[in-house]
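Undergrad:
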């Protein structure tokens, strides 16, 4: 069942490797079919070399394995809680990519330093607190999801506009409208982290990107006024396009 | 039309990926046919995996799409303004390569630290200011081009000798005599940035390259006295070459 | 003899290259057959390009070459001493990977900074002292092994729970239940080292991972309560799995 | 003529690319036939993609091109002067690899920080001064060679034991017994530089490798007492090898 979902989730997991975001088995991508209420996720501890689309495990939003002969990722409960709370998330990516993991380990939020960040994340990447001993003792991975959701709710952060966080002492989570987009946000997060490290080496007292530039960059790619990419094909194909119009769309 | 231009622009875009300067779709290369007054540029938001020569969009210097079924890069208006102002530019490359982007984010110019830099850039890589709220509100990408051109004009910088800049809070632009050379300058800019970061880690109070060495390195590769490469084939092929001559040309 | 051991040791050595942990011939992996009391190890100074399974040299725990036409790695005596002392070690990897070598050169132990580290190493990665002039003068490589063993014994460190160390002024050693696992621990060690460098650039006064999180992460992957991976296949394949159970295992 | 020399020099140049030490055309390797008094070197400005063995230019020690239709590397005169002065050099490699170039730009010598360095370089990697305006004005590349040679002579450094240097404001040169070994020393130099940067990030006040360990590591690989590698094949193949002997050779 849900063969195209499994294929897309497999492809997104393999891309994680090609993008250089994962070593060993430190990462996993899932994607959800919202109508079915079922998500596919990488099986636990399986090498990326051995991973095949039919090995993607299907899990429902109650946590039951619906299909698949492999135990799902040990992080499955975290994904499940995020899918339940973040309706805009169609895919979720967890990695231990080095720059983003350094921010997680240092417990340092990442204010927007430039347009690379602003094209993907509308503001400061938040740090979600570590779990308490009690939360760790039972249902650790599920509680990880609850901590992320509580942080976004308490701080009034819109998960659709801030599709990533650093989990304190652990590593990043990123999401997007589907599995592939969640991987792209994980790439953007890692690059924003690495670029910030180098930026602060040059000047540790950076003011960060002015708000009107953050608005411009995030909103030209996301939301109703977006004009980046090819979604509006008939306009781009019009050779009679006038200069003013072109400048506004370029 | 302009098939060889589209092929060269496509090849330069693909090289950007091979050189490791681009992640996701964060980059674009264009190249111009000065006689026709038309440049080819990467289509917006198209994955490099899917890019083919016939997908390169042709745009004229008024901003009209002349050929191509894809909307051109969102940075097209910036390229267009640069082509209009910088006559020596036959190709333009925009990337978010991490070292050069860090300089852009930090708003720090890069004084020449050594010969790697001097072989490509005749002096300090300038930082071009961020746009104002008004400039961002309308024709953002076009105004980016105007800000670069104004900076070079106001500071008396010759774009033929300084084929790159850092756009504040954004990322670098580089240019060259054709699309391929603009990519090479983008590579040199990234390496100069990374090397400067490491140089200043070793000693933050570097004086930088003395002027006479900057002259020597830039001018032996550029301008009428250049003797690097194979442009003057008959000399190199002469086995009777005397030592003095050889030393002067080596 | 021991063809499958030689094959596994060869494969682990080749993986060291694919993982980017080795330049030139700076690294070697061995694996032991505990019943036979014989280990296979990379031959000394042979390029990885030329390495074939049949070139793996077999050595016994007294140091005698049992089979193989090539002289074993110059580090063979170190491996031998570690195998004699660390019963849990089924494979040993030595590299000069840059992050871990920096810790070795700086003589700085690596306290656990996050879960990436905790998933592989149960506490602080120790630094083993440099050898004395006398220890260097004779049986240098054997004495390297003795110094490591003495450090673990004197400090009460369990080699099964801390499968790596930094050898002062030299480079890391890592081990695991077989040759492949020792390479994985060498990868984890390098990444933990690189991530710590970036973490401390963000904040040099990190407290490190709280003990209860260290326990959780190390013990969910190691020991009797482990629930990561696919060792317990029948549970994962049960589609009727209830939520509580799933959360505990996810 | 000298077909095998051209093949070896070509192979060494291509390896420079595979080792990641070169971007664009920033590097060249040469190798000499001491009996003929002729060295082969990469042609100037030719892309590594296009380089073929028959394109290697042959030059004699007076600087005359002996064979080849391409102008030799612009650094040819530097190589020539080094071959004339350093009799042990059978191959020379010049790169702009980033770590070693940072040391060159910072004008900072690299004292031995650990065994990776000690296995290749017997002591501190020296910085050779920048050229004066007069030296730059005429025969710049030849004068670069003279400055290196003068530094080694004045400081009493044996080029056979210290096969590399940083040229101030420029980049490193490395050499070895043949073209391939000079590339290996260029790799070791880059890694030693990168590892030192990370070591000093952990602790800027490192004492460096004690002298007796430097002696041990350099001399076990170089000179009459060397026991690393396979040069002494009959010993390694002896399955009756006793423990003491094995320990001494391992």
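Residue numbers (my numbering), protein chains in the order written: chain A, 321 to 570; chain B, 321 to 570; chain C, 321 to 570; chain D, 321 to 570.
The beta carbon of each residue, even a glycine, is placed where N, CA and C say it ideally should be.
Per the contact definition of three or more C-beta pairs closer than 8 Å, is the region 417-429 of chain A in contact with the region 431-438 of chain C?
TA: In short, these stretches touch, since the Cβ pair count reaches three.
Undergrad: Check the Cβ-Cβ distances between residue 557 of chain B and every residue of chain D, and say whether any is below 8 Å.
TA: Confidence in residue 557 of chain B is poor, its pLDDT being 28 and thus under 50, which makes the residue's placement too unreliable to answer from.
Undergrad: Given this structure, state the Cα-to-Cα distance separating residue 452 of chain B from residue 517 of chain B, to the nearest angstrom.
TA: Approximately 29 Å between the Cα atoms of the pair.
Undergrad: Return the chain-ordered ranges of every beta strand (DSSP E) run that is complete within the region 357-432 of chain C and spans a minimum of 3 residues.
TA: Correct list: 358-361, 377-380, 385-387 and 411-415.
Undergrad: If you reduce the DSSP assignment to three classes, tell me which class residue 453 of chain D lands in.
TA: Three-state DSSP puts residue 453 of chain D in a helix.
Undergrad: Out of curiosity, what's the CA-to-CA distance linking residue 478 of chain A and residue 472 of chain A?
TA: So the two alpha carbons sit approximately 7 Å from each other.
Undergrad: Does residue 536 of chain C get closer than 8 Å to chain F when you measure Cβ to Cβ?
TA: Although the question refers to chain F, the structure presented lacks it and instead comprises the protein chains A, B, C and D.
Undergrad: If you measure beta-carbon to beta-carbon, which residues of the region 433-454 of chain B are closer than 7 Å to chain D?
TA: Listed by position, the residues of the region 433-454 of chain B near chain D (Cβ gap below 7 Å) are 433, 434, 435 and 436.
Undergrad: Using a Cβ-Cβ cut-off of 8 Å, state whether residue 350 of chain C counts as contacting chain D.
TA: Output row for residue 350 of chain C: interface = no.
Undergrad: With a CB to CB cut of under 7 Å and the five nearest residues on each side skipped, what residues in its chain are close to residue 380 of chain A?
TA: 357, 358 and 386.
Undergrad: Hey, out of C:325, C:475 and C:417, whose CA is closest to residue 345 of chain C's CA?
TA: Of C:325, C:475 and C:417, the residue nearest in Cα terms is C:417.
Undergrad: For residue 350 of chain B, does the three-state DSSP call read helix, strand or coil?
TA: Strand.
Undergrad: Measuring only between beta-carbons, confirm whether residue 524 of chain A sits less than 8 Å from chain C.
TA: For residue 524 of chain A, the answer is no, since every Cβ of chain C falls outside 8 Å of its Cβ.
Undergrad: Would the beta-carbon of residue 456 of chain C fall within 8 Å of that of residue 487 of chain C?
TA: No, the pair does not count as a contact, with Cβ atoms beyond the cut-off.
Undergrad: Return the Cβ separation of residue 460 of chain B and residue 536 of chain A in integer angstroms, given the expectation that the two are a contact with Cβ distance under 8 Å.
TA: Indeed, because the Cβ distance is near 6 Å, the residues count as touching under 8 Å.
Undergrad: Closer than 8 Å, Cβ to any Cβ of chain C: which residues of the region 410-432 of chain A, in chain order?
TA: Under the 8 Å Cβ criterion, the region 410-432 of chain A contributes 416, 418, 419, 421, 422, 423, 424, 425, 426, 427 and 428.
Undergrad: In the region 456-471 of chain C, which residues sit with their C-beta less than 9 Å from some C-beta in chain A, listed in chain order?
TA: Correct list: empty, as no residue qualifies.
Undergrad: Taking only beta carbons into account, state which residues of the region 484-506 of chain C come closer than 8 Å to chain D, listed in chain order.
TA: Here the close residues are 489, 490 and 491.
Undergrad: So, for residue 394 of chain C: in the same chain, excluding its five sequence neighbours on each side, which residues have a beta-carbon less than 7 Å away from its beta-carbon?
TA: Around residue 394 of chain C: 364 and 461.
Undergrad: I think residue 503 of chain A touches residue 328 of chain A, with their Cβ atoms under 8 Å apart; what is that distance to the nearest whole Å?
TA: 11 Å between Cβ atoms; not a contact.
Undergrad: List, in chain order, every chain D residue whose beta-carbon is nearer than 8 Å to that of residue 517 of chain C.
TA: Under the 8 Å cutoff, chain D gives 518, 521 and 522.
Undergrad: At a Cβ threshold of 8 Å, is residue 325 of chain A touching chain B?
TA: Taking Cβ atoms only, chain B never reaches closer than 8 Å to residue 325 of chain A, which makes this a no.
Undergrad: Quick check on residue 511 of chain A - is its C-beta less than 8 Å from some C-beta in chain B?
TA: Taking Cβ atoms only, chain B reaches closer than 8 Å to residue 511 of chain A, which makes this a yes.
Undergrad: Residue 407 of chain A: which of A:532, A:352, A:513 and A:534 sits nearest, CA to CA?
TA: For residue 407 of chain A, the nearest C-alpha among the options comes from A:352.
Undergrad: Tell me whether residue 496 of chain D sits in a helix, a strand or coil according to DSSP, three-state version.
TA: It is a strand residue.
Undergrad: Any beta-carbon of chain B closer than 8 Å to the one on residue 554 of chain D?
TA: Its pLDDT being 31, under 50, residue 554 of chain D is placed unreliably in this model, and the coordinates cannot settle the point.
Undergrad: Take residue 339 of chain A and list the residues in its own chain whose beta-carbon comes closer than 6 Å to its own, dropping the five residues that flank it on each side.
TA: Counting only Cβ-Cβ distances below 6 Å, and skipping sequence neighbours, we find 507.
Undergrad: Measure the beta-carbon distance from residue 489 of chain C to residue 450 of chain C and round it to whole angstroms, keeping in mind my assumption that it falls under 8 Å.
TA: Their Cβ separation, rounded to whole angstroms, is 5 Å, which keeps residue 489 of chain C and residue 450 of chain C in contact under 8 Å.
Undergrad: Any heavy atom of the ligand ATP closer than 7 Å to the CB of residue 468 of chain A?
TA: In the structure on display, the ligand ATP does not appear, and there are no ligands present to speak of.
Undergrad: Please confirm whether residue 330 of chain C and residue 361 of chain C have their CB atoms less than 8 Å apart.
TA: Their beta carbons are not under 8 Å apart, which means residue 330 of chain C does not touch residue 361 of chain C by this criterion.
Undergrad: Using 8 Å as the limit for Cβ to Cβ distance, is residue 402 of chain C near chain D?
TA: Not closer than 8 Å to any Cβ of chain D, the Cβ of residue 402 of chain C fails to qualify, so no.
Undergrad: For a cutoff of 8 Å on Cβ pairs, would you count residue 508 of chain A as touching chain B?
TA: For residue 508 of chain A, the answer is yes, since a Cβ of chain B falls inside 8 Å of its Cβ.
Undergrad: Count the other CB atoms within 10 Å of the CB of residue 321 of chain C; is the residue buried (16 or more) or exposed (fewer)?
TA: Looking at its Cβ environment, which holds fewer than 16 other Cβ atoms inside 10 Å, residue 321 of chain C is exposed.
Undergrad: Rounded to whole angstroms, what is the Cα-Cα separation between residue 348 of chain D and residue 371 of chain C?
TA: Rounded to the nearest angstrom, the two C-alpha atoms are 28 Å apart.
Undergrad: Where residue 438 of chain A and residue 501 of chain A are concerned, what is the direct C-alpha to C-alpha distance, given to the nearest angstrom?
TA: Approximately 16 Å, taken between the alpha carbons.
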